[in-house]
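**Q** Before we start, here is the structure in question, set down as structure tokens.
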């Protein structure tokens, strides 16, 4: 099992929070090798689109055999999920350890308000990759979504909002689902600002009656 | 195109509201024939599970050739979507024309509060069929979801809630997504009452600051 494999449905393993807590410690050269393959894959995806990414092309671009890519990532979906994880970690660093209002230091409600627009901006920047790796029915259990939900639930609790924080986190993070954002922006033609405003209004209403 | 086919992505066709507005008028014998096939399919799905439903079995149970089933529904997914539509119409009748608080006559906020638990109860009763027909990326454009969103947006406007009703409807109806409900009930082990309470709390918070 590579570190990019999402936990099985119903798995109770701890959330894979930044920076890679609970991952098997790769030996330094293996980690370098993996990073090199991911860089090659990210470059190819940026040039030709994530939908056109193949294991063969990554092997050729990194000057290794296809077997090396397969051993590291399993299959194409495994590679795409690892690549997504690579991008998602930058977003996670921003909301878990970056500057306020997204990161620590700001009021939890301010951090909640900043979270939605940051995720939508991030998804728009990497939309074709998110869509190419779209995990379908696994979408609720992929680590990235667990991290997002945990973050939102923690902020709701910190803000003293008297809600079922876990369930409310599903509702709020669900509005940032990649396929939904793509549907609203591309098929419905909503401007991104409308999504940002909708998120802020929803968060404001949810925290509005908090018991502090 | 059968009347069960969801509109193409980005289609701007009018919503297929109950009772089948905008559908091609089937001749009476064709409509009877179709109803007979759907009854056979519903019976087989109830007996053996929707996941095990085949075109051949429906043809045999209704004593017609497989070609008749194919001409009517296209493929297995078309048949499952038609069957789902059949069930969904009963739910739609309940919230569009049934007794209050779900149907007309009650305060719009009371109707909104009743809507979530009614949908969750309905989905639980037909969960294996909803999951067997799970339309994946098409989930935002299937008619059933458009009808649900329209209903919620109309109630939000009637209640005088000063929100982006259309976008808020995506957020609220998204919490009732079949795959999400299944994930929460089956994989996470949440009791259905927790989902109902979560819906009521979310609606109460959203309408809480309404400008009437």
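Residue numbers (this note's numbering), protein chains in the order written: chain A, 136 to 347; chain B, 136 to 347.
All C-beta atoms in this analysis are idealised placements derived from N, C-alpha and C, irrespective of residue type, glycine included.
In this text the structure is predicted, and so the values were computed from the model without any measurement.
Which class does residue 239 (chain A) belong to by DSSP, given the choice of helix, strand or coil?
**A** The answer is strand: DSSP assigns residue 239 (chain A) an E or B state.
**Q** Would residue 298 (chain B) pass as a contact of residue 291 (chain B) if the rule is Cβ separation under 9 Å?
**A** Yes. Within cutoff.
**Q** For the pair the region 237-246 of chain A and the region 194-201 of chain A, tell me if three or more CB-CB distances fall below 8 Å.
**A** As far as the Cβ criterion goes, the region 237-246 of chain A does not touch the region 194-201 of chain A, which means the pair count is below three.
**Q** Kindly indicate which residue of B:285, B:314, B:309 and B:312 has the alpha-carbon position closest to the one of residue 300 (chain B).
**A** Residue B:285 is the option with its Cα nearest to residue 300 (chain B).
**Q** Enumerate in chain order the residues of its own chain whose CB-to-CB distance from residue 268 (chain B) is below 6 Å, with the five nearest sequence positions on each side excluded.
**A** Only 215, 216 and 219 meet the Cβ criterion.
**Q** Just to confirm the assignment, what range does the alpha helix (DSSP H) spanning residue 206 (chain B) have?
**A** Segment 201-208, the alpha helix (DSSP H) holding residue 206 (chain B).
**Q** Give me the residue from A:202, A:210, A:312 and A:307 with the minimum Cα distance to residue 277 (chain A).
**A** Closest by alpha carbon: A:312.
**Q** Quick one: what does DSSP say residue 295 (chain B) is sitting in, helix, strand or coil?
**A** Coil at residue 295 (chain B), not helix or strand.
**Q** Kindly say whether residue 306 (chain A), judged by its beta-carbon, lies nearer than 9 Å to any beta-carbon of chain B.
**A** Interface residue, yes.
**Q** Return helix, strand or coil for residue 337 (chain B), following the three-state DSSP convention.
**A** If DSSP states are grouped into helix, strand and coil, residue 337 (chain B) belongs with the helices.
**Q** Which word fits residue 246 (chain A), buried or exposed, when buried means at least 16 other C-beta atoms lie within 10 angstroms of its C-beta?
**A** Counting Cβ neighbours within 10 Å, residue 246 (chain A) comes out buried, since at least 16 surround it.
**Q** Report the option in B:315, B:274 and B:260 whose CA atom is closest to the CA atom of residue 280 (chain A).
**A** Minimum Cα distance to residue 280 (chain A) is reached at B:315.
**Q** Taking 9 Å as the CB-CB cut-off, is residue 322 (chain B) touching chain A?
**A** So yes, residue 322 (chain B) belongs to the interface.
**Q** Could you tell me whether the region 320-337 of chain B touches the region 251-269 of chain B, where touching means 3 or more Cβ pairs closer than 8 Å?
**A** Yes, since at least three Cβ pairs between the region 320-337 of chain B and the region 251-269 of chain B fall closer than 8 Å, the two stretches touch.
**Q** Flag this pair as yes or no: are the beta carbons of residue 262 (chain A) and residue 191 (chain A) separated by less than 9 Å?
**A** Their beta carbons are not under 9 Å apart, which means residue 262 (chain A) does not touch residue 191 (chain A) by this criterion.
**Q** Decide if residue 258 (chain A) is buried, meaning its Cβ has at least 16 other Cβ atoms within 10 Å, or exposed.
**A** Buried: at least 16 other Cβ atoms inside 10 Å.
**Q** Where does residue 341 (chain B) land, buried or exposed, given buried means 16+ other C-beta within 10 angstroms?
**A** Per the 10 Å Cβ criterion, buried.
**Q** By the criterion of Cβ-Cβ separation under 7 Å, what are the contact partners of residue 99 (chain A) in chain B?
**A** Since the displayed chain A opens at 136 and closes at 347, residue 99 (chain A) lies outside it and no answer follows.
**Q** Taking a cut of 8 Å between CB atoms, which residues from the region 289-304 of chain A lie near chain B?
**A** Hits within the stretch, in order: 298, 299, 302 and 303.
**Q** Measure from the alpha carbon of residue 304 (chain B) to the alpha carbon of each residue in B:326, B:338 and B:320, then state which is nearest.
**A** Cα-wise, what sits closest to residue 304 (chain B) is B:338.
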